[in-house]
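Notes for the one structure printed next.
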Amino acid sequence: MSVPYELTGRRQQKARTRQALVEAARRLLADGEDPTVEDAAAAAGISRTTAYRYFPNQYALLAAAHPQIEQTSLLPPDPPADPVARLDLVMAAFTRLTLDWEPQLRASLRLSLQPGAGRQPLRGGRAIGWIEDALAPLRDTHPGLDVHGLAVTIRSATGIESLIWLTDIAGLTRRQAADTMRWSARALLAAALDQHAPGQENPRP
1 MSVPYELTGR RQQKARTRQA LVEAARRLLA DGEDPTVEDA AAAAGISRTT
51 AYRYFPNQYA LLAAAHPQIE QTSLLPPDPP ADPVARLDLV MAAFTRLTLD
101 WEPQLRASLR LSLQPGAGRQ PLRGGRAIGW IEDALAPLRD THPGLDVHGL
151 AVTIRSATGI ESLIWLTDIA GLTRRQAADT MRWSARALLA AALDQHAPGQ
201 ENPRP
């Protein structure tokens, strides 16, 4: 198995070079460009030959420029027990991340839609886990409710895909789009709670 170029010799220097290329790509994306490896190399002041040792193609570069968000939860320390309040907190943080990283997330989505791309590791479904974490108290208060399924449903009305539709197609401002996504999340939760009220033997579908 071949060893990535940056893991052979002078690792710290190579790590800095790689990061410089990634940061250059992110800046270009934020400026509305669709950077190639050569574009990132020029912006970072690195030779094209060197840049291609790290990223053999634009796909690899844009994948590396995708935001690496490692949080397992978007809730603050000592979060409230109320799932509605918890979801509001998570959705505020999630929409903020979506807006802050919009250019990179658009690039990620574009990559995932390329023929033969398959499931993208850079689109790993973290947001579903964040939403499910917000809804966790429902497992005790509403044992008949499919918390994971509800998290998936809420995620389907939020995130970069919804932001693109709301701004590019519906013509909303980004603030209006963010408000709409948060409203949708609350509405879906309210509907689920109404359908699965405690003691209700046959919840409505």
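To convert, note that position 132 of the sequence shown is 132 in UniProt numbering; the numbers rise steadily by one, no gaps. Using N, Cα and C, we set each Cβ at its ideal position, and we do this for glycine too.
Element boundaries [alpha helix (DSSP H), containing residue i]
{"i": "glycine 129", "result": "126-134"}
{"i": "isoleucine 154", "result": "147-156"}
{"i": "alanine 65", "result": "58-65"}
{"i": "serine 162", "result": "159-164"}
{"i": "glutamine 114", "result": "Segment: none, glutamine 114 is in no alpha helix (DSSP H) and carries neither H nor E."}
{"i": "glutamate 33", "result": "Where glutamate 33 is concerned, there is no enclosing alpha helix (DSSP H), given that its DSSP letter is neither H nor E."}
{"i": "leucine 138", "result": "138-141"}
{"i": "threonine 72", "result": "From DSSP, threonine 72 is part of no alpha helix (DSSP H); its letter is neither H nor E."}
{"i": "residue 235", "result": "Not covered by the structure: residue 235. The range shown for the chain is 1 to 205."}
{"i": "leucine 188", "result": "174-195"}
{"i": "threonine 167", "result": "Taken as a continuous stretch (DSSP letters only), threonine 167 belongs to no alpha helix (DSSP H), as it is neither H nor E."}
Nearest-angstrom beta carbon gap, residue j and residue i [assumed within contact, 8 Å]
{"i": "alanine 40", "j": "alanine 25", "result": "4 Å"}
{"i": "glycine 144", "j": "histidine 196", "result": "5 Å"}
{"i": "threonine 180", "j": "leucine 166", "result": "6 Å"}
{"i": "alanine 64", "j": "alanine 44", "result": "Wrong, their Cβ atoms sit about 13 Å apart, outside the cutoff."}
Cα-Cα separation, residue i to residue j
{"i": "tyrosine 54", "j": "arginine 18", "result": "7 Å"}
{"i": "glutamate 161", "j": "leucine 135", "result": "22 Å"}
{"i": "isoleucine 131", "j": "proline 137", "result": "12 Å"}
{"i": "alanine 178", "j": "alanine 107", "result": "19 Å"}
{"i": "glutamine 176", "j": "leucine 150", "result": "24 Å"}
{"i": "leucine 29", "j": "glycine 159", "result": "18 Å"}
{"i": "aspartate 133", "j": "leucine 188", "result": "16 Å"}
{"i": "glutamine 71", "j": "serine 112", "result": "22 Å"}
{"i": "tyrosine 52", "j": "valine 37", "result": "7 Å"}
{"i": "arginine 110", "j": "aspartate 100", "result": "18 Å"}
{"i": "proline 182", "j": "threonine 95", "result": "Going by the sequence as given, residue 182 is arginine instead of proline. Approximately 8 Å, taken between the alpha carbons."}
{"i": "proline 76", "j": "alanine 127", "result": "16 Å"}
{"i": "glutamine 114", "j": "valine 22", "result": "21 Å"}
{"i": "threonine 98", "j": "leucine 105", "result": "7 Å"}
{"i": "valine 90", "j": "alanine 185", "result": "10 Å"}
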